[in-house]
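In this text, residue positions in the sequence shown follow this note's numbering: the first is 824, and each later residue adds one.
Notes follow once the structure below has been shown.
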Amino acid sequence: MQNIQPLKYLSVLVLLLLLSSALFADEDETLNEDKPFAKAHIILQLSDADPKKQALVLDIANNLIRHYGGADMADIEIIAFASGIDLLFEGGSNESRIASLAASGIKFYICMNTVDTRERKTGKRPKISKSATGVQTGVAFLVDEIQRGYTHIRP
């Protein structure tokens with residue numbers, strides 16, 4: 824009878840280890856279901872209208888895809904807010920690059936608060952690229968993605 828007690832404790836310990844490893848395994852898997860093989864989850868911030876800065880953000884996104892071995896291996900998002908929203912207007916000089924990167928799985932987000940502010944100031948609502956998805960508050964979206972586990976890059 825004395826040998827049963829250690830086995831009981833060992834069984835409980837093994838069960839706890841299995842449960843805890845299952846909990847930690849779920850964290851990485853839920854970061855982005857569209858990119859299950861991604862080695863990195865990166866969000867690039869663009870808050871500047873400078874064409875050189877915009878080109879740099881697109882270059883970095885492209886370089887990251889190559890570095891990690893393809894579009895399936897890198898989960899990359901670009902959030903544009905403040906004057907950075909200019910990048911994601913329809914008919915912009917980078918429109919074909921944006922479409923190409925979006926086709927590779929890079930997600931583009933635009934701050935709708937900034938779009939609304941631009942409309943109030945100019946009296947015209949800018950047309951947004953078909954490759955971009957609107958989020959209400961760009962900075963809050965950025966913070967949420969960082970908290971979820973994305974690495975923040977601000978070139």
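Think of the CB as a built atom: it goes at the ideal place given N, C-alpha and C, for glycine as much as any other residue.
Starting from residue i, follow its DSSP beta bridges and name the residues at the other end.
i: Gln868; result: Ile902
i: Ala955; result: Phe931
i: Ala863; result: Ala897
i: Thr974; result: Ile865
i: Phe912; result: Ile951
Closer than 6 Å by C-beta to residue i: which residues in its own chain qualify, once you throw out the five before and the five after it? Chain order, please.
i: Thr960; result: Asn936
i: Tyr973; result: His864, Ile866
i: Arg948; result: Glu942
i: Asp909; result: Ala872
Tell me, to the nearest whole angstrom, how far the beta carbon of residue i is from that of residue j; I am working on the premise that it is less than 8 Å.
i: Ala884; j: Leu924; result: 6 Å
i: Gly907; j: Leu869; result: 4 Å
i: Asn855; j: Leu881; result: So it is not a contact: roughly 20 Å between Cβ atoms.
i: Ile921; j: Gly957; result: Ile921 to Gly957, Cβ: 15 Å. No contact.
i: Pro775; j: Leu879; result: The requested residue 775 does not occur in the structure, where the chain is confined to residues 824 to 978.
i: Phe860; j: Met896; result: 6 Å
Taking Cβ positions, are residue i and residue j nearer each other than 8 Å?
i: Leu911; j: Ile865; result: no
i: Gly928; j: Ala894; result: yes
i: Lys862; j: Tyr891; result: yes
i: Phe904; j: Val962; result: yes
With a threshold of 8 Å on Cβ separation, who are the neighbours of residue i within its own chain once the five nearest residues in sequence on each side are excluded?
i: Ile969; result: Ile866, His975
i: Gln877; result: Leu869, Asp871, Gly907, Asp909, Leu910, Asn917
Please work out which residues of its chain come closer than 7 Å, Cβ to Cβ, to residue i, disregarding the five sequence neighbours upstream and downstream, and give them in chain order.
i: Tyr964; result: The displayed chain sequence assigns Phe, not Tyr, to residue 964. Excluding positions up to five away in sequence, the list reads Ile902, Tyr932, Val958.
i: Lys953; result: none
State whether the region 887–902 contacts the region 938–947, with contact taken as three or more CB pairs (one from each stretch) at a distance under 8 Å. Contact between the region 887–902 and the region 938–947 is absent, with fewer than three C-beta pairs closer than 8 Å.
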